[in-house]
Each structure stands twice: as C-alpha cells, then as structure tokens.
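Only one structure is covered here, and it is reproduced in the block below.
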Amino acid sequence: MKLAPNLFTNPEMKATRAGFGEGMTALGEADENIVALCADLSGSLKLGDFISKWPDRFFQSGVAEQNMVNMAVGLALSGKIPFATSFGVFMPMRTLDQIRISVCYNNANVKLAASHTGISVGPDGATHQALEDIAVMRVLPKMKVIVPADANETKKATISAAKISGPVYLRFGRQNAPVYTTEDTPFEIGKINRLRDGKDVAIVACGVMVYESLLAAEELSKNGIEASVLNCHTIKPIDAETLIEVAKECGAVVTAEEHQKIGGMGSAVAEVLVESENVPMELIGIEDRFGESGESGELMEKYGLTSANIVKSVRKILKRK
Amino acid sequence: MNPHQFDIDTLTHTAKEIRGDILRMLEKAGSGHTAGPLGMADIFTALYFNILNHSPEDPLWEERDRVVLSNGHICPVLYSTLARAGYFDLEELKTLRAFGSRLQGHPNRLDLPGIETSAASLGQGLSISVGMALAARLDDEDHKIYALMSDGELQEGSSWEAANAASKWQLDNLIAIVDRNNIQIDGQTEDIFPIEPVRDKFEAFNWTVLEINGNDMAHILQVIESALEMKGQPVCIIAHTTPGKGVSFMEDKHEWHGIAPNRMELMEGLAELGLEEVAY
Ligand SMILES: Cc1ncc(C[n+]2csc(CCOP(=O)(O)OP(=O)(O)O)c2C)c(N)n1
Ligand SMILES: [Mg+2]
C-alpha cells in the first residue's frame, strides 16, 4: 500500500475538513451541477474557495438545518448534485427525519458532509462532539457512510461521493491530523484499504484512528506481534469480503473508532463476522457516554482513543485467540 | 425578591466587572465566544442583580424565576454572572473550557448550579421555556420564565414553533429576550439569512413586543419591569445590543463571534473598560 514515506517521522498535519474544501473546488471545476449549501458555518467547512469561485452555486442556508436538507432534496430532484454541510451534531443529528424520508426514501442524490465529529472537537464540549452519527446514518436504507482517514483521502472521498448516485454521508474532523495517504493510495467506496499485513491480529479502524492503529502495529511489531491494519473508510456498504478474509487469516479482530461503541463501525464489523467468521473481537470506542471540554489530545487519551490503548486491546485479545 | 437589589450605578459597575471576567476567561481558555457575551452583559446583570427572584444558596429553590439560556455559546456571560451572584467561586472562572472543569464550553446543567438547561444547539430554548411556563401554570406558581435567545436562532423553524405554542396557551408568565445584535458566524444576519421584520413576526404570532437598547441599564430595568405587569400574552423583548460592547475593536464585528482575545487584546480590552490589566 502506498503511504507517505514520512508517515512516522514528520507527516504534514491537516484537518480532514480541509480535504473536503479541496474536493469541493475540484468538483466545482469539473461539473456545474455541483452545488453547496451550508448553515452558517461556511468557514469551518472550508467552503471559502468554492463560494468565491461559484457564488451562484452556493446557498447560504442560515441557522436552519432542517430546511437546508430538504432544499438539498429539491435541488437533487431537479438534477443538481447538492452537498449540504454543517457540524455533525446539527446535521445529520438534528435533521434525521428529513434525511430518512426526504433524502433516503426518495433515494435523492444528496450528499451530506459533516465536520466537527468525534471527541477531538475539544473545548466546545459534549454538545459539539458528534459521537452517534455513524450509527444513526448507517441504519438508514440507501445511505452510504464514509469516514475518511486523512485530508487527502477526504478529497478523494468527496469527489467519489459525487460520482455515485444516491445519498452519501461524509464525516470529517476539526483537528489537524497526520496526512499520510498519497495521490497514489487507492480509494474506492466500499473497498477496505489494507495498509499493513500481519497474521496475528487484524486492526480495523476509520478516521483518525487509522493512524493510531498504524502506530500501534509498529509498536506491536517490536514485540514480535504482527498486525494487519485495515482502513475501513466506508462503513456502509461495508466490505464484508475483505473482513471475512482477514478474520480467517488473523483469527482475531480489534476495531477502533472515534464514535460510540454502540452502533458504530465496530458494530458493523461485528455484524458481518458474527454471521460468517466468528473470531474474538475487541471494540474500541466511546463507552456509552457524552464527551466533555478539554484539549483534543487530553480527551483522546482519557477516552482510550490512542495507539497505546489499541496495543492493550491486542494483547488482551491474543489471550482469547 | 432579588437578593442583591443593586441600584443603577452598582449594576453598571457590575456589568463592567463581568465584561472583564469574560475577556479574562476567554483569553485563558484560548477559545470561545466573545462578541455575544460582551453584548449581553448588561441584561444578565440587570436580571441577576435586580430583577430575578432567585436564591444562589439554594439554586433549585422551587419558586425561583427561570432563566433559560437558549444560545448556549454565550455562556461566558452566564458563568461570570452566576459566580458574581454567589452560585460558585469566582476562582472557578479560570477553568472555562479546561479538561475537568464544570465550566464546559457550552453549559451543562448536570455540572454547574444555576444552569436551568444544557444548551448549544440553537432554536431549542424557547420550546423548553414554553414547557416550564406550562408547568408553572399547572402548579399555580407565580415565577416567571425568561427565555434568552439570539437573533441567529430565529432562523431556526423550531423557534417559531415555540412562538406559536406560547401564544396558543397565552403564556403571560413567559418573557423572551432576543439579543438583536445583527451578527452570526458567517456575517451580518441580514446579509446571511434575513430575519426582519422581527417585531412584526412576533406580533403576527400574537406576542406583545417591546424593544430596548440592551446596553442601557436604566432602559433595560424599566422595560423588563413593565413586561412583568403585562397580562394575556407572552412578551418578546427585542434587545438591540452591540456585539463586543465595551471593547471598541470588537464592537459590531462578526469576526469576534467565536474567537477569544489573545494576551495583547485582553490587556487593551481591560484598559478600555478601565479595569485592572491583569490576566487570569
Ligand atoms: C442548531 C445549530 N446550528 C448551528 C450552530 C452553530 N452556531 C453556533 S453560534 C451560531 C451563530 C448564530 O447566531 P447568533 O446566535 O446570533 O450568534 P452571535 O450573535 O452570538 O454571534 C451558529 C450557527 C448551533 N449552535 N446550533
Ligand atoms: Mg446574533
């Protein structure tokens, strides 16, 4: 797998939402049917470039997310490819009914792009830390759910989302994070990226936890434990084939995500494996509670979203193998 | 009865101290919202130190007036006001937004005394206030519900669902105070997503509408007192405030919606306010 050579030394730091802004500019150039909507957070969603290049194709929707989502539906049903954007706690969380019936039941070609998800949002606190959105989006028929691992992958995911027809939910973070995939790293919706091969355990992760998983695998390797690391950027449709294959190969699976354990990516992986290749699993995620204020790093540490905690879970699961 | 009953001069002085707290808290935290809290300092002071029937030693006293802060992001002004009113120690203001603090980035009812509802998602506080006003009526309680809201959240449809509900039940124990500061995150409200005519809209929803200069202490007291006498309809007070009030380079600048002052800006701000130039 092609990753940046400076992966573990000094990777560039950039928030995934910045990759979204770049993706929107690329899409705007390529297809005049691409339009964007935002509910009074256009700076945070990095839409500045899109807005200045195509002011007519940007709809400032004000603090009115429910209306925004259904305006996107109307645009989609009229042939446009709308990207509706906000923070995860306000969209999709506030707009679930609109998404369920008007977006999904219509199979409308609406792309929902949310930033400021996960505990790493930091000082704004629990109210702003979307920890339930993956669960709530992946349960909806017709919805596809994508959680890119870094800014480069976010750009690719944004562009790919526009190329497929139907509802897509894209999930981004606020904080700067390592950029380690490259132009050449493949990205295909619905296809897990296997970033590292190892036969002792498979670590399946999404978003910022993919990098932590790579760090954990390096650490484990020093102690003779070889881990496969899988970037499960598409949580729905989930890549069951690859999951079953690695479960067979490794015999144990650890999952890691910046989201509630209940209903998240780990649950999605478990749903696949429990029906086919029922190996021991450990799930890392938020343990059924709200977040809080603090610096991003402090919170990731407290809630166990670190490479060290992944290493711990691997050691634990190896005893169950 | 209000436990403080400050006169106008003391209120004005207290509002200034609160502005100082806000700036110091935000500088120490390194993030947070500055413009809204500074603009609303006078109204918070008037409420907690003159108008409200409340009891800082007994924050859950049943007969207290309720202040529901709907636009939770302006919580620095609430925290400072509560601390100065005696709900908790002023020292704790230094912990705003820090790991382990009770002063969360947005208010958490379960953490801190004096918080009537957790808040942050805009357009929810007025509905909660309607529920409280209905409960007070059911229980034959005389206390008032003050719903503090922002102009930005009048863009949320849910605000208007609540406005409709309040007039359906003719909730004259409910007073909504809208911070009409004309700014939101992306710019001026009328450029981003126009909400005017606010007065006509509330009147069309069968509310009594009053307007105040929300940075004029005497005017604030006089109008809220007159609102307390009104019967038969909910009252909306449109409070025209200056966002960033008191610090000239922050005033009327939407750019100051959601950023904190750095050390230099803090000192300049404190100097303009005539307060001691010390950081937390
Ligand atoms: C439902 C919801 N959508 C979006 C936000 C993000 N947000 C926080 S403050 C704000 C601006 C709203 O304008 P206003 O409350 O008038 O801001 P201020 O006057 O304090 O600058 C926005 C969009 C939110 N808190 N809640
Ligand atoms: Mg405003």
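Protein chains in written order, with the numbering used here: chain A, 20 to 340; chain B, 22 to 301.
Virtual Cβ for every residue (Gly too), placed ideally from N, Cα, C.
Chain-ordered chain A contacts of residue i [CB-CB under 7 Å]
i, result
"B/Arg118", "Pro142, Ser312"
"B/Leu143", "Val82"
"B/Glu182", "Here the premise fails: no neighbours, minimum Cβ distance about 11 Å."
"B/Ser52", "Pro142"
Alpha carbon of residue i to alpha carbon of residue j, nearest angstrom
i, j, result
"A/Lys210", "A/Ala221", "16 Å"
"B/Asn283", "A/Val272", "46 Å"
"A/Ser63", "A/Cys57", "10 Å"
"A/Phe27", "A/Arg215", "14 Å"
"A/Val155", "A/Thr201", "31 Å"
"A/Val291", "A/Met228", "20 Å"
"A/Asn89", "A/Asp50", "22 Å"
"B/Asn141", "B/Leu99", "Note on residue identity: the sequence assigns Ala, not Asn, to residue 141 of chain B. Near 13 Å, if we compare the C-alpha coordinates of B/Leu99 and B/Ala141."
"B/Glu232", "A/Phe77", "35 Å"
"B/Glu112", "B/Leu133", "14 Å"
"A/Lys130", "B/Ile64", "42 Å"
"A/Gly243", "A/Arg308", "35 Å"
"B/Pro97", "B/Ile43", "6 Å"
"A/Gly285", "A/Ala327", "18 Å"
"A/Ile208", "A/Lys65", "23 Å"
"A/Pro111", "A/Ile120", "13 Å"
"A/Asn86", "A/Ser134", "19 Å"
"A/Asp169", "A/Thr136", "14 Å"
"B/Gly268", "A/Leu302", "The identity of residue 268 of chain B in the sequence shown is Val, whereas the question assumes Gly. Their Cα atoms are separated by approximately 50 Å."
"B/Arg220", "B/Ile258", "9 Å"
"A/Ser247", "A/Glu238", "13 Å"
"A/Asp116", "B/Leu32", "46 Å"
Cβ-Cβ distance between residue i and residue j below 8 Å
i, j, result
"A/Gly185", "A/Asn250", "no"
"B/Met170", "B/Gly135", "no"
"B/Asp200", "B/Thr116", "no"
"A/Ile153", "A/Gly283", "yes"
"A/Ala217", "A/Ala236", "Per the sequence shown, the amino acid found at residue 217 of chain A is Gly instead of Ala. Contact: yes."
"A/Ala83", "B/Glu182", "no"
"B/Lys165", "B/Ile196", "yes"
"A/Ala275", "A/Ala224", "yes"
"A/Ile8", "A/Val187", "Here chain A covers residues 20 to 340 and nothing more, so residue 8 of chain A does not appear."
"B/Ser101", "A/Ser312", "no"
"B/Ser188", "B/Phe226", "yes"
"B/Pro128", "B/Gly173", "no"
"A/Leu96", "A/Asn125", "yes"
"A/Asn52", "A/Lys21", "no"
"B/Ile216", "B/Leu175", "yes"
"B/Leu81", "B/Met271", "no"
"B/Val306", "B/Ala168", "There is simply no residue 306 of chain B to check, as chain B begins at 22 and stops at 301 in what is shown."
"A/Pro101", "A/Lys163", "no"
"B/Ala304", "B/Met238", "Because chain B spans 22 through 301 in this model, residue 304 of chain B falls outside it and cannot be assessed."
"B/Arg85", "B/Asn74", "yes"
Residues that DSSP places opposite residue i in a beta bridge
i, result
"B/Cys257", "B/Ala197, B/Val230"
"B/Lys165", "BP columns for B/Lys165 are empty, so no partner."
"A/Glu31", "A/Val198"
"A/Arg215", "A/Val248"
"A/Thr253", "A/Ile165"
"A/Ile303", "A/Ala275"
"A/Ile222", "A/Val248, A/Val273"
"A/Leu22", "A/Thr200"
Closer than 8 Å at the beta carbon, the chain A residues around residue i
i, result
"B/Phe214", "Asp59, Gln79, Ser80, Gly81, Val82, Ala83"
Partner residues on chain B for residue i, Cβ-Cβ distance less than 7 Å
i, result
"A/Val108", "Ser142"
"A/Glu317", "Phe120"
"A/Ser47", "In the sequence under discussion, the amino acid at residue 47 of chain A is Gly, which differs from the Ser named in the question. Correct list: empty, because the minimum Cβ distance to chain B is about 19 Å."
"A/Asn86", "Gly178"
"A/Gly9", "Given a span of 20 to 340 for chain A in the structure shown, any question on residue 9 of chain A remains unanswerable."
Amino acids of chain B, ordered along the chain, whose beta-carbon sits closer than 9 Å to that of residue i
i, result
"A/Ala145", "Gln125, Gly126, His127, Asn129, Ser139, Ala141"
"A/Gly62", "Ile206, Asp207"
Chain B contact residues for residue i, given Cβ-Cβ distances below 8 Å
i, result
"A/Asn89", "Chain B residues near A/Asn89: none, gap ~11 Å exceeds 8 Å."
"A/Ile113", "Residue identity check: residue 113 of chain A is Arg in the sequence provided, not Ile. The contacting residues are Ser142."
Any non-hydrogen atom of ligand 4 within 7 Å of residue i CB
i, result
"A/Ser295", "Absence of ligand 4 is noted for the structure shown, with ligand 1 and ligand 2 being the only ligands found."
Chain-ordered neighbours of residue i on chain A, where CB pairs are closer than 9 Å
i, result
"B/Glu174", "Val82"
"B/Gly93", "Thr146"
Exercise. Where in the stretch 125–207 of chain A do unbroken runs of the beta strand (DSSP E), each at least 3 residues long, occur, reported from the N-terminal end onward?
Worked result: 130–134, 163–165, 187–190, 196–198
Problem set entry | beta strand (DSSP E) runs contained entirely in the stretch 49–130 of chain B, provided each spans 3 or more residues | 87–90
Problem set entry | Length-filtered (4 minimum) alpha helix (DSSP H) runs lying within the stretch 53–109 of chain A | 67–72, 84–95
For this session: Jot down the residue ranges of each uninterrupted beta strand (DSSP E) in the stretch 168–224 of chain B, minimum 3 residues, whole runs only, in chain order.
Result: 195–201
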